[in-house]
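Enquirer: If you read the protein sequences in the order shown, they are chains A and V.
Following our numbering, the residues of the first sequence are numbered contiguously, the last one being 32.
Following our numbering, the residues of the second sequence are numbered contiguously, the last one being 1073.
Cβ coordinates follow ideal geometry from the N, Cα and C atoms, glycine included.
Following this message is one structure expressed as structure tokens.
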Amino acid sequence: VAILGNVQQRSLEVVYDGAAGKVGFAAGGCS
Amino acid sequence: GRKLADHSHTLQLSSLLPSDSCKPYAIKAVENKVSLKVVHRHGPCSQLNQGKAGKAPSHTKILLQDESRVKSIHSKLSGTNDVKLTDAATLPAHDGSSIGSGNYIVTVGLGTPKKDLSLIFDTGSDLTWTQCQPCARSCYKQKDPIFDPSQSTSYTNISCGSSLCDSLASATGNTLNCASSTCVYGIQYGDSSFSVGFFGKERLTLTPTDVFENFYFGCGQNNQGLFGGSAGLLGLGRDPLSLVSQTSQKYNKLFSYCLPSSSSSTGFLTFGGYSSKSVKFTPLSTISAGPSFYGLDFTGISVGGSKLSISQSVFSTAGAIIDSGTVITRLPPAAYSALRSAFRQLMTKYPTAPALSILDTCYDFTNYKTVTIPKIGLFFNGGIEVDIDATGILYVNKISQVCLAFAGNSDASD
């Protein structure tokens, strides 16, 4: 598999919604 | 000029380097949700980074350990992971443990009275475990006092033969064991890192208002590997035994995090919500050989505002997961090759530098105060594009060796 690692996740808000079956990303979601 | 600005990041070089002191960000509050502070394990914000137990490894070592973690994930998914727990338990701990090294830490409370424990948070595994007294076989050095279940009024061992004990098989990938009718778990991370101990239940305190009775976890009696002064692991995968599943009645399997842009700042881990209104979602996919991983589908990559010409089959052949415990993103060979080529073309004004372990595209920024690098966007199923932050494009060893922070898998089907 390809793997999205944690360096590329920096400063993004990463959202895991297991019940709805989706993963989300928000740029600048940390500030 | 406008196109250049829209499709590139211009950075002060000093912003790429972590400072020696911690500059914490206030945790972003999400109403009625619980948020924990996230720190990089080897940065100045981590209490693990004090003294010998938490001494930061070199970047070369971090990347070698990262490669080891990736190999173990590939091995697990290809069904060739034939390392037996008994083998792992007899191996000495050595460099290259596949737990990885570039990990992030959160602090949770366990037991009654509550004891705070700094745990590596990991979306790529499921079982939460911590080192436990009396450390019957072996415990590594950790910063927090080692948890002692005999001093907690809420600890209970799980019995052998119970369905809970049986559930360890999927959460750890190992057959369970018994010791005097007490359920024994074992989890290993590919090569030498492992934890073996009693499977128990305990009171878990995330915050004073978010307390979970009967949280199932591993109470480690034989723990070896490079866990870097942490007290163990917080498993956030999709298996029923993960913290996410065990708290699903309250949080409905919804959590979010922000990893800090540098090891000298802090991020957050929130259960039950998220704070940004501009979240772009892509469907989760399930990897049949590893259903506890969070699968997603890459569909493309853009560099400097231009989408690269990469066949869809390159991504669909491989599949993809998102993992908080892997440091560097791994792409199918053809996708990485296209990314590298486009990135190099837009960086020709900068002198190159030697490769850093698995990172083969590096630059010497010694004579610059600011640099301009192309933006990189990742496309996912559902048509969303996610712009990677500038700090997620470059991996800085030193100013004379700053590298593109992506790598290729060796096999197109990995």
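Taking only runs of the alpha helix (DSSP H) that begin and end inside the region 902 to 990 of chain V, which ones reach a length of at least 4 residues, in chain order?
Expert: Here the runs fully enclosed are 902 to 905, 907 to 910, 971 to 977.
Enquirer: Please list, in chain order, the residues of the region 1032 to 1048 of chain V that have any C-beta partner in chain A closer than 7 Å.
Expert: Under the 7 Å Cβ criterion, the region 1032 to 1048 of chain V contributes Val1045, Asp1046, Ile1047, Asp1048.
Enquirer: Report the rounded CA-to-CA distance for Ala3 of chain A versus Lys730 of chain V, giving the unit in angstroms.
Expert: Approximately 12 Å, taken between the alpha carbons.
Enquirer: With a cut-off of 8 Å on the beta carbons, I'd call Gln671 of chain V and Thr1029 of chain V a contact; round off their distance for me.
Expert: Their Cβ separation, rounded to whole angstroms, is 6 Å, which keeps Gln671 of chain V and Thr1029 of chain V in contact under 8 Å.
Enquirer: Within the same chain, show all residues whose beta-carbon is closer than 7 Å to that of Ser667 of chain V, passing over the 5 residues directly before and after it, in chain order.
Expert: If we look at Ser667 of chain V and ignore the five residues flanking it on each side, its Cβ neighbours are Gly963, Thr1031, Ile1032, Pro1033, Lys1034.
Enquirer: Which value, in whole angstroms, describes the spacing of the CA atoms of Gly949 of chain V and Lys735 of chain V?
Expert: If you take the alpha carbons of Gly949 of chain V and Lys735 of chain V, they lie about 7 Å apart.
Enquirer: Take every Cβ of the region 971 to 982 of chain V, pair it with every Cβ of the region 938 to 953 of chain V, and state whether three or more of those distances are shorter than 8 Å.
Expert: The region 971 to 982 of chain V is in contact with the region 938 to 953 of chain V.
Enquirer: Could you give the DSSP three-state label for Phe806 of chain V: helix, strand or coil?
Expert: Residue state, collapsed to three classes: strand.
Enquirer: Counting only beta-carbon separations shorter than 7 Å, does Cys612 of chain V have a partner in chain A?
Expert: With chain V covering 660 to 1073 only, the question about residue 612 of chain V has no answer from this structure.
Enquirer: Quick one, are the C-beta atoms of Gly931 of chain V and Pro992 of chain V less than 7 Å apart?
Expert: No, Cβ-Cβ distance for Gly931 of chain V and Pro992 of chain V is not below 7 Å.
Enquirer: Rounded to a whole number of angstroms, what is the C-alpha to C-alpha distance between Thr719 of chain V and Ala1014 of chain V?
Expert: When rounded, the distance between both Cα atoms is 10 Å.
Enquirer: Name the DSSP beta bridge partners of Ser673 of chain V, please?
Expert: Bridge partners of Ser673 of chain V: none, in fact.
Enquirer: Quick one: what does DSSP say Pro1002 of chain V is sitting in, helix, strand or coil?
Expert: Note that residue 1002 of chain V is Phe in the sequence shown, not Pro. Helix, per DSSP.
Enquirer: Quick one: grab the DSSP three-state call for Cys631 of chain V.
Expert: No answer is possible for residue 631 of chain V: the residues shown for chain V start at 660 and end at 1073.
Enquirer: Could you tell me the distance, in whole angstroms, from the CA atom of Asn1105 of chain V to the CA atom of Glu861 of chain V?
Expert: No statement about residue 1105 of chain V is possible, as the shown extent of chain V runs from 660 to 1073 and does not include it.
Enquirer: Could you give the first and the last residue of the continuous beta strand (DSSP E) run that contains Gln1074 of chain V?
Expert: Since the first residue shown for chain V is 660 and the last is 1073, residue 1074 of chain V is missing from the structure and cannot be characterised.
Enquirer: Note down, in chain order, every chain A residue with its Cβ under 8 Å from the Cβ of Ala977 of chain V.
Expert: Simply Val2, Ala3.
Enquirer: Looking only at C-alpha atoms, which of V:Lys966, V:Gly1051, V:Ser821, V:Lys773 sits nearest to Ile805 of chain V?
Expert: Ranking V:Lys966, V:Gly1051, V:Ser821, V:Lys773 by Cα distance to Ile805 of chain V puts V:Lys773 first.
Enquirer: Only counting the same chain, and skipping five residues up and downstream in sequence, which positions put a Cβ closer than 6 Å to that of Val1045 of chain V?
Expert: Same-chain partners within the cutoff: Leu1037.
Enquirer: Could you tell me the distance, in whole angstroms, from the CA atom of Gly884 of chain V to the CA atom of Asp665 of chain V?
Expert: Their Cα atoms are separated by approximately 45 Å.
Enquirer: Gly6 of chain A by DSSP, collapsed to three states: which one?
Expert: Of the three classes helix, strand and coil, the one that applies to Gly6 of chain A here is coil, per DSSP.
Enquirer: If I follow the unbroken beta strand (DSSP E) through Asp869 of chain V, where does it start and stop?
Expert: Where Asp869 of chain V is concerned, the enclosing beta strand (DSSP E) stretches over 869 to 883.
Enquirer: Along the chain, where does the beta strand (DSSP E) that runs through Ala1098 of chain V open and close?
Expert: No answer is possible for residue 1098 of chain V: the residues shown for chain V start at 660 and end at 1073.
Enquirer: Check Ala1064 of chain V in the structure and name its three-state DSSP category.
Expert: In the structure shown, Ala1064 of chain V sits in coil (DSSP, three-state: anything other than H, G, I, E or B).
Enquirer: Below 8 Å on the Cβ atoms is my guess for Thr1011 of chain V versus Asp1023 of chain V; work out the distance and round it to an integer in Å.
Expert: About 7 Å; that satisfies the 8 Å criterion.
Enquirer: Count Cβ pairs between the region 3 to 22 of chain A and the region 912 to 930 of chain V that sit closer than 8 Å; are there 3 or more?
Expert: Contact holds: three or more Cβ-Cβ distances are below 8 Å.
Enquirer: How would you list, in chain order, the residues of chain A whose beta-carbon sits under 9 Å from the beta-carbon of Asp982 of chain V?
Expert: Residues of chain A passing the Cβ test: Ile4, Leu5, Gly6, Asn7.
Enquirer: If you check the beta carbons only, do Leu902 of chain V and Thr787 of chain V fall under 7 Å apart?
Expert: In this structure, Thr787 of chain V lies closer than 7 Å to Leu902 of chain V by Cβ.
Enquirer: Apply the 10 Å Cβ neighbour rule to Gly845 of chain V and answer buried if 16 or more other Cβ atoms are within range, or exposed otherwise.
Expert: Gly845 of chain V comes out buried.
Enquirer: Measuring straight from C-alpha to C-alpha, what distance separates Lys682 of chain V and Leu5 of chain A?
Expert: Each residue's alpha carbon lies about 26 Å from the other.
Enquirer: I think Ile1058 of chain V touches Thr1025 of chain V, with their Cβ atoms under 8 Å apart; what is that distance to the nearest whole Å?
Expert: The Cβ separation is near 6 Å, so the contact holds.
Enquirer: Indicate the three-state DSSP secondary structure (helix, strand or coil) for Ala28 of chain A in the structure shown.
Expert: Strand.
Enquirer: Does the distance from the CB of Ile779 of chain V to the CB of Ser705 of chain V come in under 7 Å?
Expert: Their beta carbons are not under 7 Å apart, which means Ile779 of chain V does not touch Ser705 of chain V by this criterion.
Enquirer: Give a yes or no on whether the C-beta atoms belonging to Gln790 of chain V and Gly891 of chain V are separated by under 7 Å.
Expert: Against a cut-off of 7 Å, the Cβ pair of Gly891 of chain V and Gln790 of chain V comes out as a contact.
Enquirer: CA-CA distance, Ser813 of chain V and Lys936 of chain V?
Expert: Those two C-alpha atoms are separated by around 40 Å.
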